[in-house]
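K.L.:
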Amino acid sequence: MTTTFPATGTGLRDRCAELFCADLAPMLRRLGARDKGAGARAVLHPDDAATREGVWAALADLGAFGDQRQRDLVDLAELAGWALYQSPLTDSWFAAELLTATGDPAYAPILRDLAGGATALAVAMRERPGDEPTEPGPLHRHEHGTVDAIRSVVAFAPDAGHLLLVGTDGGRTLLAVVPATGPGVTLRRHDDIARGDLYTVTVTHGEVVGAVHDITDQYAAALARARLRHAAYLAGSARGAIEVAAQRLRERTAFGQPLARMQALAYRFAALAARTAAVLSSVRAGALAADEGADVRLTGAQVLLLAGVLAQEAAAECVHVHGAHGMTEAGDAQLFYRRAVVDAAWLGRTPSLRREAGRLLAHSRIPPR
Amino acid sequence: MTTAFRDDVRTLLEEDSVRSTVADIAAYPPGTEVALLDVYRRLGERGWLAPGWPVEYGGLGLGAVENAIVTEELTRAGIPDDVHVLCVDLVGMFLLHAGTAEQKARHLPALARGERLATVLFSEPEAGSDLAALRTTARRDGTGWRLRGSKIYNLKSQYGDFALCAARTTDSPVAMHGITLFLLPLRAPGVHIEPVPGMANDRFNLVVIDDVRLDDADVVGEPDNGWQLLNDMLQLERTGIDFHAKARRLLDQTIDRAAEQGLLDDPEWAGRLAELDATLRAGHALAWEQVNALAGGHPDPVTSAMAKWYTSEQIRPILNAGTELAGLGAALSAWDGTTDDDGTWEAALRMGPSHRLASGTSEVMLFLIATNGLGLL
Ligand SMILES: Cc1cc2nc3c(=O)[nH]c(=O)nc-3n(C[C@H](O)[C@H](O)[C@H](O)COP(=O)(O)OP(=O)(O)OC[C@H]3O[C@@H](n4cnc5c(N)ncnc54)[C@H](O)[C@@H]3O)c2cc1C
Numbered sequence: 001m002t003t004t005f006p007a008t009g010t011g012l013r014d015r016c017a018e019l020f021c022a023d024l025a026p027m028l029r030r031l032g033a034r035d036k037g038a039g040a041r042a043v044l045h046p047d048d049a050a051t052r053e054g055v056w057a058a059l060a061d062l063g064a065f066g067d068q069r070q071r072d073l074v075d076l077a078e079l080a081g082w083a084l085y086q087s088p089l090t091d092s093w094f095a096a097e098l099l100t101a102t103g104d105p106a107y108a109p110i111l112r113d114l115a116g117g118a119t120a121l122a123v124a125m126r127e128r129p130g131d132e133p134t135e136p137g138p139l140h141r142h143e144h145g146t147v148d149a150i151r152s153v154v155a156f157a158p159d160a161g162h163l164l165l166v167g168t169d170g171g172r173t174l175l176a177v178v179p180a181t182g183p184g185v186t187l188r189r190h191d192d193i194a195r196g197d198l199y200t201v202t203v204t205h206g207e208v209v210g211a212v213h214d215i216t217d218q219y220a221a222a223l224a225r226a227r228l229r230h231a232a233y234l235a236g237s238a239r240g241a242i243e244v245a246a247q248r249l250r251e252r253t254a255f256g257q258p259l260a261r262m263q264a265l266a267y268r269f270a271a272l273a274a275r276t277a278a279v280l281s282s283v284r285a286g287a288l289a290a291d292e293g294a295d296v297r298l299t300g301a302q303v304l305l306l307a308g309v310l311a312q313e314a315a316a317e318c319v320h321v322h323g324a325h326g327m328t329e330a331g332d333a334q335l336f337y338r339r340a341v342v343d344a345a346w347l348g349r350t351p352s353l354r355r356e357a358g359r360l361l362a363h364s365r366i367p368p369r
Numbered sequence: 370m371t372t373a374f375r376d377d378v379r380t381l382l383e384e385d386s387v388r389s390t391v392a393d394i395a396a397y398p399p400g401t402e403v404a405l406l407d408v409y410r411r412l413g414e415r416g417w418l419a420p421g422w423p424v425e426y427g428g429l430g431l432g433a434v435e436n437a438i439v440t441e442e443l444t445r446a447g448i449p450d451d452v453h454v455l456c457v458d459l460v461g462m463f464l465l466h467a468g469t470a471e472q473k474a475r476h477l478p479a480l481a482r483g484e485r486l487a488t489v490l491f492s493e494p495e496a497g498s499d500l501a502a503l504r505t506t507a508r509r510d511g512t513g514w515r516l517r518g519s520k521i522y523n524l525k526s527q528y529g530d531f532a533l534c535a536a537r538t539t540d541s542p543v544a545m546h547g548i549t550l551f552l553l554p555l556r557a558p559g560v561h562i563e564p565v566p567g568m569a570n571d572r573f574n575l576v577v578i579d580d581v582r583l584d585d586a587d588v589v590g591e592p593d594n595g596w597q598l599l600n601d602m603l604q605l606e607r608t609g610i611d612f613h614a615k616a617r618r619l620l621d622q623t624i625d626r627a628a629e630q631g632l633l634d635d636p637e638w639a640g641r642l643a644e645l646d647a648t649l650r651a652g653h654a655l656a657w658e659q660v661n662a663l664a665g666g667h668p669d670p671v672t673s674a675m676a677k678w679y680t681s682e683q684i685r686p687i688l689n690a691g692t693e694l695a696g697l698g699a700a701l702s703a704w705d706g707t708t709d710d711d712g713t714w715e716a717a718l719r720m721g722p723s724h725r726l727a728s729g730t731s732e733v734m735l736f737l738i739a740t741n742g743l744g745l746l
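These protein sequence lines are chains E and X, in that order. Oh and the first sequence: position 89 is 89 in the working numbering, straight run, nothing missing. Start counting at 1 in the second sequence, then tack on 369, and there's your number in the working numbering.
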């Protein structure tokens, strides 16, 4: 028996459910995971690299990168989170939206490659790891059209054909696209708690594809939609952690009975499951509103706030009810725990989201003049 | 007197040579574990590693208060205290209270001098919270015993000289009856120690005990009566002092970071940190009441369970606050080589879940409070 949550039955979700299924989830969860302390030079195992490419191609075949509604994308993001599938998926969606918003025809080949699964995209916003995506790092433009920037914690930079440098210059938010392997671009892998694919990117006289665009008016709206999708991913990962924990509770016996019979533990997960269901409902409602063209900046910040806290709590509880086994590499609980640290802060950390949502809430109550 | 003792310990731990040891530890290749540090020996020479023990066993003949001070000061100085807890607060204390004169004379002075390392082999793959379900057996063999079984999740056994090991000596319909505690030499033939890869820096071990022969002289306390001893002794260890000290160090680090970022002027952050500080102060007061009760000879099992639960539960909210302050910087490890804290926060995050599990899980503490304290369940 597995935990059941209300099915939604939209097309993309149904198609992708075969990929993100219980049989494949244990493999997907560990895809691309590096050894502890592997450092800057950690390389991906060749088998892992091939599987990653295969999964990416399968996603493209299933239509993950076509012209999808937000309502479909949040469903897919939730499934990916449930499987703890670490990939450039959500960043590629964000990137595609930013590229499309500029209307620059120079980006058409990039978007075409993405839709066909031939490439992935990385969004590079932070100069320092502690920076927030709402305040992108400086972007320096040279007269002859090249750019300089330093970006840290950029996800999957080597897998991306292009890097989207989001930056600020003179109080404006800019977008410059550079080829990830182009001249003047160097990548260095971070070693982080999730042991995944985060990189420092140094761009010196990077050659820009198309023009440098002023995206000041589009960025906040694109970020809000990205937050909806990321919240779906986080809530999906909470759902995954709850299921892994429930499985352990059914299997582990103490005091003559399965731990699943201990109400103190069972109720805790029942409550987490209810919170997950509520966050997912809110995400879906937000996605529907976004598809209707509504401003979802407040909703985006709010659902991400709830989902980040939830994902971390579900993961920590998942480890806890595994006992010491939960801290070992043999189990999957620690994967949820370690990755939640990174994923929860990815598009804004809790205090900033609370603040941002507070401002937007106050603003939304003032009648327009 | 206790203030003077704390000052003395602190002065030693602030000496340049000790500070450089702490700096060396921080600069060790990531993942390197520490065992018997030189600073333990320096404390041991003065009788300060186990000040509560009698002078003949390497202590100062003081009490639980001074023991607690050493635990607090070690953590305050950033010196890993796990070995101290294992050798002095756990194995040493069991021997002090229940060991024979010969066992005490043989082991305690070396433990108190920081020259010998003892570990704890209680948990098994199928017996953790429910320790009475343990399956390691010790069968009579003439005048001795033959031990077989597997012990897991123990720390530092790879460096240990001997361990306190719980084994079943008599099958009984009452699981608590028939357990005996042994002193097991960890380098004996038949003892196999393997790492259990885990997310924290300190390695868990699997110790397989394959037909190891021990004598009656290796039994701690009475045969078959180990359960009672375990409960009595573990309660003595449970003051919450060590968990509070760790929580305090993490919170102070968080407050320092907030100050650097100018966030102590932000009412939201200042309020949140003040509230965490309030809970820590409450935990500190509760923990010290347990130490004083212990020193006065009247420890209380219910409030000591409360102290362990309350202090260890603080660590998660502190880790959350510190992580939110640092953003994704909190996620970068020592192996990254670019962090301004040598990756200590990331390591603390990986260690985070252990505090609610080790030394009796939160639920085991709540069970003790609910049953013995409130007459529930
Ligand atoms: C950092 C660390 C160091 C350790 N060092 C040592 C060591 O040196 N030597 C040693 O022998 N052991 C050591 N341990 C093991 C530790 O003693 C066990 O982890 C602990 O006893 C819990 O057992 P378990 O891990 O098997 O969890 P389980 O007993 O399987 O419990 C799993 C979860 O269920 C909960 N639970 C269990 N029973 C109930 C109940 N009745 N009601 C509600 N909830 C319940 C528990 O609280 C826990 O959250 C260490 C553990 C850690 C994390």
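Cβ coordinates follow ideal geometry from the N, Cα and C atoms, glycine included.
#1: Among S519(X), L464(X), R725(X), A502(X), whose alpha-carbon lies nearest the alpha-carbon of P542(X)?
#2: Can we count D14(E) as close to ligand 2, meaning its CB is less than 7 Å from some heavy atom?
#3: Who are the neighbours of V319(E) on chain X, taking C-beta pairs under 7 Å?
#4: Within the continuous beta strand (DSSP E) that includes P449(X), where are the two ends?
#5: In terms of alpha-carbon separation, which member of A487(X), D587(X), I448(X), G428(X) lies closest to A392(X)?
#6: Counting contacts by CB-CB distance shorter than 8 Å, is M125(E) in contact with chain X?
#7: M1(E): buried (16+ other C-beta within 10 angstroms of its C-beta) or exposed?
#8: Does the beta-carbon of Y721(X), which I'm using as the reference point, lie nearer than 7 Å to any heavy atom of ligand 1?
#9: Select from H724(X), Y397(X), A739(X), E441(X) the residue whose C-alpha is nearest the C-alpha of P670(X).
#10: Would a check of beta-carbon distances place T692(X) closer than 8 Å to chain E?
#11: Just list the beta strand (DSSP E) runs in the stretch 551 to 613 of chain X, keeping only unbroken ones of 3 residues or longer that don't cross its boundaries, in chain order.
#12: Quick check: does the Cβ of S281(E) come within less than 7 Å of any heavy atom belonging to ligand 1?
#13: Do you know offhand how far L645(X)'s Cα is from L633(X)'s?
#14: For the stretch 69 to 145 of chain E, which segments carrying the alpha helix (DSSP H) assignment without a break, of at least 4 residues, lie completely within its bounds, in sequence order?
#15: How is A7(E) classed by DSSP in three states: helix, strand or coil?
#16: What did DSSP end up calling V43(E) once you bin it into helix, strand or coil?
#17: Rounded to the nearest angstrom, what separates H142(E) and G210(E) at their Cα positions?
#18: Using beta carbons (cut-off 8 Å, strictly below), is P670(X) in contact with chain E?
#19: Would you kindly check if the distance between the Cβ of L28(E) and the Cβ of L62(E) is under 8 Å?
#20: Compare the Cα-Cα distances from A194(E) to each of V560(X), A569(X), H561(X), D530(X) and report the closest residue.
#21: Between which two residues does the beta strand (DSSP E) carrying H205(E) extend?
#22: Between the stretch 73 to 84 of chain E and the stretch 102 to 109 of chain E, are three or more C-beta pairs nearer than 8 Å?
#23: Residues of chain X with CB closer than 7 Å to the CB of P129(E), please, in chain order.
#24: Do the stretch 652 to 660 of chain X and the stretch 86 to 98 of chain E touch if we need at least three Cβ pairs shorter than 8 Å?
#25: Can you pull the chain E neighbours of V434(X), defined as C-beta to C-beta under 7 Å?
#26: Count the other CB atoms within 10 Å of the CB of C456(X); is the residue buried (16 or more) or exposed (fewer)?
#27: Could you tell me if N436(X) is buried or exposed, where buried requires 16 or more neighbouring beta carbons within 10 angstroms of its beta carbon?
#28: For F463(X), which residues in chain E fall below 8 Å Cβ to Cβ?
#29: Taking buried to mean at least 16 other C-beta atoms within 10 Å of its own C-beta, is V424(X) buried or exposed?
#30: Under a three-way DSSP split, which group does A532(X) fall into?
#31: Going by DSSP in three states, P258(E) sits in which element: helix, strand or coil?
#32: May I have the straight-line CA-CA distance separating A7(E) from V303(E), to the nearest angstrom?
#33: Contact check, G117(E) vs A60(E) under 8 Å by CB: the rounded distance?
#34: Compare the C-beta of G81(E) against all C-beta atoms of chain X and say whether one is closer than 8 Å.
#35: Leaving out five residues on either side along the sequence, give the residues of the same chain with a beta carbon under 6 Å from the beta carbon of Y219(E).
P.N.:
This is what the structure gives:
#1: Numbered from its first residue, the second sequence carries residue 542(X) at position 173. Between P542(X) and the set S519(X), L464(X), R725(X), A502(X), the nearest pair of CA atoms involves A502(X).
#2: In the structure shown, ligand 2 is absent; the only ligands present are ligand 1.
#3: Here residue 319(E) corresponds to residue number 319 of the first sequence, with the count starting at 1. The contacting residues are P722.
#4: Locating residue 449(X) in the second sequence gives position 80, where the first residue counts as 1. No beta strand (DSSP E) contains P449(X), which DSSP labels as neither H nor E.
#5: In the second sequence, counting from the first residue as 1, residue 392(X) sits at position 23. Minimum Cα distance to A392(X) is reached at I448(X).
#6: If you number the first sequence from 1, residue 125(E) lands on position 125. For M125(E), the answer is no, since every Cβ of chain X falls outside 8 Å of its Cβ.
#7: Here residue 1(E) is taken as the residue at index 1 of the first sequence, counted from 1. Its pLDDT being 38, under 50, M1(E) is placed unreliably by the model, and nothing is read from it.
#8: What you label residue 721(X) is simply residue 352 of the second sequence in a count that begins at 1. Note on identity: in this sequence residue 721(X) is Gly, with Tyr being the wrong assignment. At a threshold of 7 Å, G721(X) does not count as near ligand 1, since its beta carbon sits no closer than that to any of the ligand's heavy atoms.
#9: Translated into the one-based positions of the second sequence, residue 670(X) becomes position 301. The residue with the shortest Cα to Cα distance from P670(X) is A739(X).
#10: As a first step, residue 692(X) is located in the second sequence; it is residue number 323 there, counting from the start. Against chain E, the CB of T692(X) has a partner CB under 8 Å away; the residue lies at that interface.
#11: Taken in chain order, the complete beta strand (DSSP E) segments of 3 or more residues contained in the stretch 551 to 613 of chain X are 560 to 565, 573 to 584.
#12: If you number the first sequence from 1, residue 281(E) lands on position 281. No, the Cβ of S281(E) stays beyond 7 Å of every heavy atom of ligand 1.
#13: Counted from its first residue, the second sequence places residue 645(X) at position 276. Counted from its first residue, the second sequence places residue 633(X) at position 264. Straight-line Cα distance between these residues: approximately 13 Å.
#14: Restricted to the stretch 69 to 145 of chain E, the alpha helix (DSSP H) segments that are unbroken, complete and at least 4 residues in length are 70 to 82, 89 to 102, 108 to 115, listed in chain order.
#15: Taking the first residue of the first sequence as 1, we reach residue 7(E) at position 7. With a pLDDT of 49 at A7(E), under the threshold of 50, the modelled position of this residue cannot be trusted; read the value that follows with caution. Looking at A7(E) - three-state DSSP - the assignment turns out to be coil, as it is neither helix nor strand.
#16: If you number the first sequence from 1, residue 43(E) lands on position 43. Three-state result, V43(E): coil.
#17: Your numbering for residue 142(E) matches position 142 in the first sequence. Your numbering for residue 210(E) matches position 210 in the first sequence. C-alpha separation (whole angstroms): 15 Å.
#18: If you number the second sequence from 1, residue 670(X) lands on position 301. For P670(X), the answer is no, since every Cβ of chain E falls outside 8 Å of its Cβ.
#19: Mapped onto the first sequence, residue 62(E) falls at position 62. Mapped onto the first sequence, residue 28(E) falls at position 28. Their beta carbons are not under 8 Å apart, which means L62(E) does not touch L28(E) by this criterion.
#20: Stepping through the first sequence from its first residue, residue 194(E) is reached at position 194. Among V560(X), A569(X), H561(X), D530(X), the Cα nearest to that of A194(E) is on A569(X).
#21: To locate residue 205(E), count along the first sequence from 1; it is residue 205. Under the DSSP assignment, H205(E) falls in the beta strand (DSSP E) whose first and last residues are 198 to 207.
#22: Touching, no, given that fewer than three Cβ pairs across the two stretches are closer than 8 Å.
#23: Position 129 of the first sequence, counted from the start, is the residue given in the question as residue 129(E). Ordered by position in chain X, the residues that pass the 7 Å Cβ test against P129(E) are G696, L697, G698, L701.
#24: The way I'd put it, the stretch 652 to 660 of chain X doesn't touch the stretch 86 to 98 of chain E; fewer than three beta-carbon pairs between them come closer than 8 Å.
#25: As a position in the second sequence, residue 434(X) is number 65, starting the count at 1. In chain E, no part has a C-beta under 7 Å from the C-beta of V434(X); the shortest such distance is about 31 Å.
#26: The residue given as residue 456(X) occupies position 87 in the second sequence. It is buried - the Cβ of C456(X) has at least 16 other Cβ atoms within 10 Å.
#27: As a first step, residue 436(X) is located in the second sequence; it is residue number 67 there, counting from the start. It is buried - the Cβ of N436(X) has at least 16 other Cβ atoms within 10 Å.
#28: Against the second sequence, residue 463(X) aligns to sequence position 94. F463(X) does not reach chain E, its nearest Cβ partner there being about 21 Å away, counting only Cβ pairs nearer than 8 Å.
#29: Here the question's residue 424(X) lines up with position 55 in the second sequence. Result: exposed.
#30: As a working mapping, residue 532(X) is identified with position 163 in the second sequence. DSSP, read as helix, strand or coil, puts A532(X) in strand.
#31: Here residue 258(E) corresponds to residue number 258 of the first sequence, with the count starting at 1. In this structure, P258(E) counts as strand in the three-state DSSP scheme.
#32: In the first sequence, counting from the first residue as 1, residue 7(E) sits at position 7. In the first sequence, counting from the first residue as 1, residue 303(E) sits at position 303. Residue confidence is low: A7(E) scores 49 on pLDDT, short of 50, so the model does not pin down where it sits. Its coordinate-derived value is still stated next. Those two C-alpha atoms are separated by around 20 Å.
#33: If you number the first sequence from 1, residue 117(E) lands on position 117. If you number the first sequence from 1, residue 60(E) lands on position 60. G117(E) to A60(E), Cβ: 3 Å. Contact.
#34: The count along the first sequence starts at 1 and reaches residue 81(E) at position 81. By this cut-off, G81(E) is not an interface position.
#35: Locating residue 219(E) in the first sequence gives position 219, where the first residue counts as 1. So the list reads T173, once near-sequence residues are dropped.
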